[in-house]
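Worksheet for the structure shown next.
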């Protein structure tokens, strides 16, 4: 996602308000998102282990402080919460409203301008320290009154969380003034900020607070995949069609203990409309997969003692791949030397598109993607962790520079790259970088990626250009997730539920 300046964020929020939202509801959702992150990523585990859960939230006079008041109210029922007013009572109406809603009987409120020693003790004794002093509004230097408090916050030996931006760091330039808050993690909203970096912000997590994606695009100029674009990639099926008309998928997937990955990918490829799907899988799990997907063809493979693909299976697979229209490699395969051998042989001897997912990505290094004698177009579908491994980088770096990384990697290695995550990106040399706005957090579960790989493979097998197959695949995948969430909730939905939604989606695309 393109990064935003402080002014960009003000314009995005103003657009959201113009479309019927309110600054009060945006603040409430921002505070709720942070509180839920704290509960999920920090508080629940500490509570289960019987550890202390004292939280100090340091709030400024502006709207970042207002976020802090919402966070405090929502966390007060779960932890020992102290609110520290860094510069007295709030100065904006929305922040003041949330300050008035603090349940004073359930938490402690201290004013640094009146009781600095008590505030210093609260900051020092907290197990988690939350910075809500300035957010994106900071510029210049800290006042002489605030600087001692920020120094005490940085000196405290606790887990430090910054909300939106670390106080003292310019949201546009990334320049940090003396005393700037040194966060372990920064929880930022809606879009990454220009000034965020690992050096000044710790780990960066992007939280969705419900601002419409088209409002973000209108300000940041992003290109989004739309239903109209996807519909344009489909055409009516000829009346004289037969199963060979719609392509042959060779899916190399599964290992002992990972039969589900092969099943989900195979079903997704079939649901996408592919004519013939062959599942190449280790012999030990062949009965399981064949029972679950009777519509597929099967190629049982030689395997190692631990149930992974054997080197003896490479040559039979390459021969079978020469009659395929697309090869999908990696879903649940496990890590073995044979996977790397197979990839290299496919690159050199097969001309159809090759989709690398999961262990297919883990089996290669970037230099392997460049092969002078290669003919097969490549589609890679990494999540941020796999992308970080490919680049010998970190997940935080990938998340902070998603758009730049997606463009550069696709150009450097001549591949179609589908960088998964919140607003999945699709990049290819000489093509526009596209962002997908369908999907929801309920899809963040094992098996979702297998469904996506199968979808893209099925579409590519039917003759769709690899770039458009990736683009349509991520859109339909996310839309299926949205439908499943509407029916079952984000908490309860499963990747198999997404498969059930594909029929209705493709029915709509055929109209």
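In our numbering, the protein residues as written are 14 to 524. Just so you know, even glycine gets a beta-carbon here, dropped at the ideal spot from N, CA and C.
Through-space distance from residue j to residue i, alpha-carbon basis
| i | j | result |
| --- | --- | --- |
| residue 116 | residue 461 | 41 Å |
| residue 19 | residue 473 | 41 Å |
| residue 289 | residue 256 | 7 Å |
| residue 499 | residue 275 | 26 Å |
| residue 27 | residue 91 | 33 Å |
| residue 11 | residue 401 | Residue numbering for the chain in the displayed model covers 14 to 524; residue 11 lies beyond these limits and cannot be assessed. |
| residue 89 | residue 169 | 22 Å |
| residue 414 | residue 494 | 26 Å |
| residue 426 | residue 64 | 48 Å |
| residue 344 | residue 22 | 39 Å |
| residue 488 | residue 50 | 27 Å |
| residue 318 | residue 149 | 55 Å |
| residue 226 | residue 450 | 7 Å |
| residue 171 | residue 351 | 46 Å |
| residue 128 | residue 409 | 38 Å |
| residue 24 | residue 207 | 15 Å |
| residue 383 | residue 361 | 11 Å |
| residue 316 | residue 300 | 15 Å |
| residue 165 | residue 137 | 7 Å |
| residue 247 | residue 37 | 43 Å |
| residue 104 | residue 216 | 30 Å |
| residue 266 | residue 412 | 28 Å |
| residue 270 | residue 456 | 21 Å |
Residue burial classification, residue i (beta-carbon count within 10 angstroms, cutoff 16)
| i | result |
| --- | --- |
| residue 259 | buried |
| residue 482 | buried |
| residue 329 | exposed |
| residue 325 | exposed |
| residue 295 | buried |
| residue 459 | exposed |
| residue 364 | exposed |
| residue 508 | buried |
| residue 32 | exposed |
| residue 496 | buried |
| residue 223 | exposed |
| residue 520 | exposed |
| residue 336 | exposed |
| residue 396 | buried |
| residue 54 | exposed |
| residue 114 | exposed |
| residue 157 | exposed |
| residue 87 | buried |
| residue 525 | Any property of residue 525 remains undetermined from this structure, which presents the chain solely from 14 to 524. |
Given residue i as reference, the closest of the options once Cα atoms are compared
| i | options | result |
| --- | --- | --- |
| residue 389 | 359, 175, 172, 50 | 359 |
| residue 2 | 486, 505, 502 | Here the chain covers residues 14 to 524 and nothing more, so residue 2 does not appear. |
| residue 167 | 146, 393, 195 | 195 |
| residue 277 | 45, 515, 35 | 515 |
| residue 523 | 341, 266, 243 | 243 |
| residue 379 | 68, 362, 356 | 356 |
| residue 245 | 152, 477, 69, 506 | 477 |
| residue 153 | 101, 181, 118, 348 | 181 |
| residue 197 | 40, 185, 218, 184 | 218 |
| residue 188 | 205, 101, 214, 173 | 214 |
| residue 74 | 62, 67, 96, 66 | 96 |
| residue 264 | 279, 67, 122 | 279 |
| residue 220 | 506, 469, 444, 434 | 434 |
| residue 162 | 406, 185, 24, 131 | 131 |
| residue 431 | 273, 479, 454 | 479 |
| residue 448 | 504, 229, 43 | 229 |
| residue 268 | 158, 16, 323 | 323 |
| residue 443 | 424, 456, 241 | 424 |
| residue 453 | 407, 502, 30, 446 | 502 |
| residue 239 | 29, 87, 491, 504 | 491 |
| residue 291 | 366, 298, 306 | 306 |
Nearest-angstrom Cβ-Cβ length linking residue i and residue j, presumed shorter than 8 Å
| i | j | result |
| --- | --- | --- |
| residue 471 | residue 282 | 4 Å |
| residue 199 | residue 179 | 6 Å |
| residue 284 | residue 465 | Not confirmed; about 12 Å, so no contact. |
| residue 374 | residue 339 | That pair is no contact at about 16 Å. |
| residue 80 | residue 176 | 5 Å |
| residue 41 | residue 71 | Not confirmed; about 20 Å, so no contact. |
| residue 376 | residue 348 | 7 Å |
| residue 333 | residue 287 | Not confirmed; about 15 Å, so no contact. |
| residue 428 | residue 391 | 4 Å |
| residue 100 | residue 159 | 6 Å |
Neighbour flag for residue i against chain C, beta carbons, 8 Å
| i | result |
| --- | --- |
| residue 491 | No chain C is part of this structure, which consists of one protein chain only. |
heavy atom of the ligand GDP below 7 Å from residue i C-beta
| i | result |
| --- | --- |
| residue 335 | Of ligands this structure carries none, so the ligand GDP is not represented either. |
>> Would you call the segment 420 to 439 in contact with the segment 239 to 253, where contact means no fewer than 3 C-beta pairs closer than 8 Å?
In response: no
>> Under 8 Å: do the segment 303 to 314 and the segment 233 to 244 share three or more Cβ pairs, one atom per stretch?
In response: no
>> Does the contact criterion of 3 or more C-beta pairs under 8 Å hold for the segment 106 to 116 versus the segment 142 to 154?
In response: no
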